[in-house]
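Protein chains in written order, with the working numbering: chain A, 1 to 591; chain B, 1 to 345.
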């Protein structure tokens, strides 16, 4: 039995539960747990996967609840219209907040969501039309044809259907083209924007997408809540609940779908118990449970940052390993230039940092099929040159032409689209994705599946193609046997090779390698050299920034030497080796 | 609205702005040194105000018990560490003398003399001491072990600490709100404005604190060490500045500033156990105006928040909070242009 079978069995069991003689009390509890899980699933995506967070999820639930409450009571419209209206308003609000904050450092989003959650709470609490702090009463039940979801046992189906579908959607999303980018974004786990951008993805767009999905899930939860309670008031949508949702996500295990349900269930059950016992301890009444939650939150982050789900998951059967169907049709390939045709033309590029000229009017040309090395002593400006060419840093002046197309001043995303791919000196793999998934990330620009398509599971054919392509590239570098290993478990040498495979998966016309041999052991260097030699034989064009002279000399056709940001010389490896100027640059001048 | 009303509202806004400025300064200080977004700063404000209110009524303030709890928890953690790392007796003695004894003494003295209603000056000193002592203990208990964690994790921890402190506030101070009498009942008429002694004290104390902070950062070794840590934590460590000590010191300062803000605000606003959260967040809106990094900009932001609040409550009093917290959106829009995004190195 695999994890998938177990999930399906659990889902069927949950949906069949109202037929069983389960006491109403437990149905009510499960209703709340389902509603909370729906919100927490959004946070799993946003916080656990994306490394962003929001304390305003309760407010989005409030938008969903109040939209339907107003439309169905004051205007007497159908709850289904209320759902649509709630989602539409939530969408607009989430877009506005996301557009304002997501271009800046990660901590602006949570601060903005705290503020907007408070603002919305006071706004709703003071609006006559929304019943001020008393709220709106007498909401109709949701009906579908003649079937009314009035009773707790019936709305249970809607709630759990929504929660399970959301779980399915999020699971599918994470295992797809957009999901791979989302998983690469988490700065808490060593991710960030640079790598996904270099693979051609707009990281801003994906952050915004995750925030919007999380907000919409919360909004649906609010809609269901409103029609379950048949009334709304501002208090369940205040900042206290916003924080509690995050607590559920952290406690259950941030970043896992199972954790969302675990956290929601634990917090709901614990809260009920604490509400009974704590007033007996402290006397009087009040939200004493927040003390326990607050302390527990600090303790969980300190001692079990992955939450409680991993403890449960240990007892479950392992996830089924998805096979790769290598007979899937190949992804579309780029029209590569003829051997010897001009590929990259760098003309007098310059970069200054304040008064320091880091790169001083460097020019060189790479033709298709060339293997060019860029060398120089420490501080010569090699890496800066590399970053200028790949679009990570903006140029101060100069021109870069890739395949006849001016790319200077373009973002690394656009340069990737134009046919350049790269690796990173400090390896940027997603450690908790498999090697195969990491390489499949490289196919981003050759595939099309969007977020919605992935959530609906309509991407199977393209996904098979992407995985087959990833497998092909792994075979090319000789790592196919480790395809299903987690990338974080590999040593540095194989990780560097995986980076090359990922770059190759984008079918580049030019491959840029940033110090590929740095930090490698002798055997690892030999393996790397073998791979590069083979790529050279296949006619791939390479620009290699490297420190290791021996390595460069053996591999390259031509070498550009830099010193103090300036162009020192260009020539064949033999010419460079013979040059007194180069020797002087590396070893100091002969006196 | 005529000019007189505008002037009165303006003065009101400046007075509130001065309090938010203190909160914002503490937030910027803590964030720049430790990368912690310190949501519970407002709790220090509320605890300061409520502690003084209890003392004025001759009651033992509710702050005493959480303080003792923090000391005990801290001592237990230190004890575990001492056993594990086999601390020398001398080191254990040092730790007891510096970290355990002072807060317990403050708590003890307060408990002893609270019922005798000591003079106002002593009450103020006790309040400042009680709340300030909580700062380093909170850092020790909640944050120190996580000093290498991401900003996001630290923020979530902050939210946990906020929850715990608010709940403890409810337990030990009760749900009732308090307001203390003004420190100085004098009134001065300046044209249409009537300045109260309390307003002058607020301005005076805020300016004095800002000047003191400036001197601290520019002229003292401890201040320079904090500044160095905020510029480059690793670099500062290599120069022998302990990141933990810097964190602890910044929390001590933040708690002190919070307690002081609480004393200043309590004669003009009724403070409940959970009022601090909103005050702290208004400080955040101000601090975000300076990108959580610039003290002068945070000051300007605080004055802005104070003014928006007072004019907002004149035009639409029910929507005062809505207006203040919605202001963060245009501020963020503006910041996103000022602060092009740097995520990685």
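Using N, Cα and C, we set each Cβ at its ideal position, and we do this for glycine too.
* To do: Go through its chain and collect everything with a Cβ distance to residue 524 of chain A's Cβ below 6 Å, but skip five positions before and after it.
  => Within the first chain, the letter at position 524 stands for residue 524 of chain A. Closer than 6 Å at Cβ, skipping near neighbours: 493.
* Residues bridged to residue 554 of chain A by DSSP? -> Against the first chain, residue 554 of chain A aligns to sequence position 554. Residue 554 of chain A is not bridged to any residue.
* For residue 561 of chain A: DSSP bridge partner residues -> The residue you call residue 561 of chain A lines up with position 561 of the first chain. Beta-bridge pairing links residue 561 of chain A to A:375 and A:569.
* **Residue interval of the alpha helix (DSSP H) (run including residue 387 of chain A)** => The residue you call residue 387 of chain A lines up with position 387 of the first chain. Counted as a single uninterrupted DSSP element, the alpha helix (DSSP H) harbouring residue 387 of chain A occupies residues 382 to 390.
* **Cβ-based contacts, 7 Å cut-off: residues of the segment 233 to 246 of chain A near chain B** => Residues of the segment 233 to 246 of chain A whose Cβ lies closer than 7 Å to any Cβ of chain B, in chain order: 243 and 246.
* To do: Identify, in the order they occur along the chain, each residue of the same chain with its Cβ nearer than 8 Å to the Cβ of residue 31 of chain A, setting aside the five sequence neighbours on each side.
  => Stepping through the first chain from its first residue, residue 31 of chain A is reached at position 31. Excluding the 5 residues flanking it on each side, residue 31 of chain A has same chain C-beta neighbours closer than 8 Å at 152, 155, 156, 159 and 228, in chain order.
* Asked: Quick one: which chain B residues come within Cβ less than 8 Å of residue 101 of chain A?
  -> The residue you call residue 101 of chain A lines up with position 101 of the first chain. The answer, in chain order, is 332 and 336.
* To do: Using a cut-off of 7 Å between C-beta atoms, extract the partners of residue 104 of chain A located in chain B.
  => Counted from its first residue, the first chain places residue 104 of chain A at position 104. Those are 335, 336, 339 and 341, listed as they occur along chain B.
* Does residue 159 of chain B come within less than 7 Å of chain A when only Cβ atoms are used? -> Start at 1 with the first residue of the second chain, and residue 159 of chain B comes out as number 159. Residue 159 of chain B counts as touching chain A.
* Taking the beta strand (DSSP E) that residue 399 of chain A falls in, what are its first and last residues? -> Residue numbering aside, residue 399 of chain A sits at position 399 when the first chain is read from its first letter. Counting along the chain, the beta strand (DSSP E) containing residue 399 of chain A begins and ends at 397 to 402.
* Where does residue 329 of chain B sit, in a helix, a strand or coil, going by DSSP? -> For this step, residue 329 of chain B is matched to residue 329 along the second chain. When secondary structure is reduced to three states using DSSP, residue 329 of chain B falls in the helix class.
* **C-beta contact flag for residue 82 of chain A and residue 71 of chain A at 7 Å** => What you label residue 82 of chain A is simply residue 82 of the first chain in a count that begins at 1. What you label residue 71 of chain A is simply residue 71 of the first chain in a count that begins at 1. A contact, by the Cβ cut-off of 7 Å.
* Would you call residue 283 of chain A buried or exposed, if buried means 16 or more other Cβ atoms sit within 10 Å of its Cβ? -> Taking the first chain and counting its residues from 1, the one referred to as residue 283 of chain A is at position 283. So residue 283 of chain A counts as exposed.
* residue 116 of chain A burial status per 10 Å Cβ neighbour count (16 or more: buried) -> The residue labelled residue 116 of chain A in the question sits at position 116 within the first chain. Taking all protein chains shown into account, residue 116 of chain A has 16 or more neighbouring C-beta atoms within 10 Å of its C-beta and is therefore buried.
* Asked: From residue 437 of chain A to residue 467 of chain A, what does the alpha carbon distance come to, in whole angstroms?
  -> Here residue 437 of chain A corresponds to residue number 437 of the first chain, with the count starting at 1. Here residue 467 of chain A corresponds to residue number 467 of the first chain, with the count starting at 1. Distance from the CA of residue 437 of chain A to the CA of residue 467 of chain A, rounded to the nearest whole angstrom, comes to 8 Å.
* To do: Spell out whether any CB of chain A is found under 7 Å from the CB atom of residue 153 of chain B.
  => In the second chain, the residue the question calls residue 153 of chain B occupies position 153. Yes, residue 153 of chain B counts as interfacial toward chain A.
* **Test item: CB-CB of residue 372 of chain A and residue 543 of chain A under 7 Å** => For the purposes of this step, residue 372 of chain A is identified with residue 372 of the first chain, where counting begins at 1. For the purposes of this step, residue 543 of chain A is identified with residue 543 of the first chain, where counting begins at 1. Cβ atoms of residue 372 of chain A and residue 543 of chain A: closer than 7 Å.
* **Contact set between residue 156 of chain B and chain A, taken where Cβ atoms lie within less than 8 Å** => Locating residue 156 of chain B in the second chain gives position 156, where the first residue counts as 1. For residue 156 of chain B, the chain A residues whose C-beta falls within less than 8 Å of its own C-beta are 53, 246, 250, 297 and 301, listed in chain order.
* To do: My understanding is that residue 222 of chain A touches residue 61 of chain A, with C-beta atoms under 8 Å, so please give their C-beta distance in whole angstroms.
  => Residue mapping note: residue 222 of chain A aligns to position 222 of the first chain, counting from 1. Residue mapping note: residue 61 of chain A aligns to position 61 of the first chain, counting from 1. The Cβ separation is near 3 Å, so the contact holds.
* In chain order, each beta strand (DSSP E) run of at least 3 residues that lies wholly inside the segment 303 to 365 of chain A -> The segment 303 to 365 of chain A contains these whole beta strand (DSSP E) runs: 342 to 353.
* Beta-carbon proximity list for residue 136 of chain A, same chain, < 6 Å, skipping 5 on both sides -> Residue 136 of chain A sits at position 136 when you count from the first residue of the first chain. Cβ within range, chain order: 69, 73 and 232.
* **Rounded straight-line distance, which links the Cα of residue 260 of chain A to that of residue 329 of chain B** => For the purposes of this step, residue 329 of chain B is identified with residue 329 of the second chain, where counting begins at 1. For the purposes of this step, residue 260 of chain A is identified with residue 260 of the first chain, where counting begins at 1. Rounded to the nearest whole angstrom, the CA to CA distance from residue 329 of chain B to residue 260 of chain A is 30 Å.
* To do: Go ahead and label residue 4 of chain A buried or exposed: buried means 16 or more other beta carbons lie within 10 angstroms of its beta carbon, across all protein chains shown.
  => Residue 4 of chain A sits at position 4 when you count from the first residue of the first chain. Counting the other Cβ atoms within 10 Å of the Cβ of residue 4 of chain A gives fewer than 16, which makes it exposed.
* State buried or exposed for residue 175 of chain B, treating a residue as buried only when at least 16 other CB atoms are found within 10 Å of its CB. => Start at 1 with the first residue of the second chain, and residue 175 of chain B comes out as number 175. Counting Cβ neighbours within 10 Å, residue 175 of chain B comes out exposed, since fewer than 16 surround it.
* Asked: Should the segment 199 to 215 of chain A be regarded as contacting the segment 52 to 67 of chain A, the criterion being three or more beta carbon pairs within less than 8 Å?
  -> Using a C-beta cut-off of 8 Å, the segment 199 to 215 of chain A makes contact with the segment 52 to 67 of chain A, since at least three inter-stretch Cβ pairs fall below that distance.
* At which residues does the alpha helix (DSSP H) containing residue 289 of chain B begin and terminate? -> Along the second chain, one-based indexing puts residue 289 of chain B at 289. 275 to 289 is the span of the alpha helix (DSSP H), which, as asked, contains residue 289 of chain B.
* In chain order, what residues of the segment 179 to 207 of chain A put their CB closer than 8 Å to some CB of chain B? -> Listed in sequence order: 187, 188, 192, 193 and 194.
* Best match in B:252, B:52, B:38 and B:132 for proximity to residue 266 of chain B [C-alpha to C-alpha] -> As a position in the second chain, residue 266 of chain B is number 266, starting the count at 1. Of B:252, B:52, B:38 and B:132, the residue nearest in Cα terms is B:52.
* Have a look at residue 152 of chain B and residue 235 of chain B and give me their C-alpha separation to the nearest angstrom. => Numbered from 1 along the second chain, position 152 holds the residue referred to as residue 152 of chain B. Numbered from 1 along the second chain, position 235 holds the residue referred to as residue 235 of chain B. If you draw a straight line from the Cα of residue 152 of chain B to the Cα of residue 235 of chain B, it comes to about 23 Å.
* To do: Return the Cβ separation of residue 273 of chain B and residue 160 of chain B in integer angstroms, given the expectation that the two are a contact with Cβ distance under 8 Å.
  => Position 273 of the second chain, counted from the start, is the residue given in the question as residue 273 of chain B. Position 160 of the second chain, counted from the start, is the residue given in the question as residue 160 of chain B. About 17 Å; that fails the 8 Å criterion.
* **Contact set between residue 282 of chain A and chain B, taken where Cβ atoms lie within less than 7 Å** => As a working mapping, residue 282 of chain A is identified with position 282 in the first chain. For the C-beta of residue 282 of chain A, the chain B residues within less than 7 Å are, from N- to C-terminus, 171.
* Asked: What are the start and end residues of each continuous alpha helix (DSSP H) run of 4 or more residues lying completely inside the segment 467 to 541 of chain A, in chain order?
  -> You should have 492 to 504 and 522 to 537.
* To do: Taking a Cβ distance cut-off of 7 Å, strictly less, list which residues of the segment 129 to 154 of chain B are near chain A, in chain order.
  => Taking a C-beta cut-off of 7 Å against chain A, the contacting residues of the segment 129 to 154 of chain B are 142, 145, 146, 150, 151, 152 and 153, listed in chain order.
* Can you list, in chain order, the residues of its chain whose CB lies under 7 Å from that of residue 477 of chain A, leaving out five sequence neighbours each side? -> In the first chain, residue 477 of chain A corresponds to position 477, counting from 1. Closer than 7 Å at Cβ, skipping near neighbours: 497, 500, 501 and 531.
* Distance CB(residue 506 of chain A)-CB(residue 421 of chain A) smaller than 7 Å -> Locating residue 506 of chain A in the first chain gives position 506, where the first residue counts as 1. Locating residue 421 of chain A in the first chain gives position 421, where the first residue counts as 1. Between residue 506 of chain A and residue 421 of chain A, the C-beta gap is smaller than 7 Å, which places the two residues in contact.
* Asked: At a Cβ threshold of 7 Å, is residue 110 of chain A touching chain B?
  -> Along the first chain, read from residue 1 onward, the residue named residue 110 of chain A stands at position 110. At least one chain B Cβ lies under 7 Å of residue 110 of chain A.
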